[in-house]
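Numbering (my numbering), first residue to last: 3 to 107.
Just so you know, even glycine gets a beta-carbon here, dropped at the ideal spot from N, CA and C.
Please read all numbers here as calculations on a predicted model, not as lab measurements.
Below is one structure; the comments refer to it alone.
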């Protein structure tokens, strides 16, 4: 679910940002973005329901992912606090991986 949902939320978020038409002076929400201020297309004016579709997907999928991410953290976080911190190289790599999983959430 996360593998499908996170890209949907990301893409619809970027589409939402493009829909604001940042090229129009005061519409730019991130004037400090520097190199990241590039747009591949202008937001189409039709069909009129397209913006509603992308916003609906963004919000619904985003809300649906919250309990899944919380369940993932609930499962993985206790392993980060095991004692002793590192018993072997393999266990150290596992702890590093768990740290990255929690940090990425």
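Should residue i and residue j be called a contact, given that it needs their Cβ atoms to be closer than 8 Å?
{"i": "residue 12", "j": "residue 45", "result": "no"}
{"i": "residue 67", "j": "residue 7", "result": "yes"}
{"i": "residue 75", "j": "residue 97", "result": "no"}
{"i": "residue 70", "j": "residue 3", "result": "yes"}
{"i": "residue 90", "j": "residue 60", "result": "no"}
{"i": "residue 63", "j": "residue 100", "result": "no"}
Quick check on residue i: does DSSP put it in helix, strand or coil?
{"i": "residue 47", "result": "coil"}
{"i": "residue 89", "result": "coil"}
Please list the terminal residues of the continuous alpha helix (DSSP H) segment that includes residue i.
{"i": "residue 18", "result": "4 to 21"}
{"i": "residue 69", "result": "52 to 82"}
Classify residue i as buried or exposed, calling it buried when 16 or more other Cβ atoms lie within 10 Å of its own Cβ.
{"i": "residue 47", "result": "exposed"}
{"i": "residue 14", "result": "buried"}
{"i": "residue 56", "result": "buried"}
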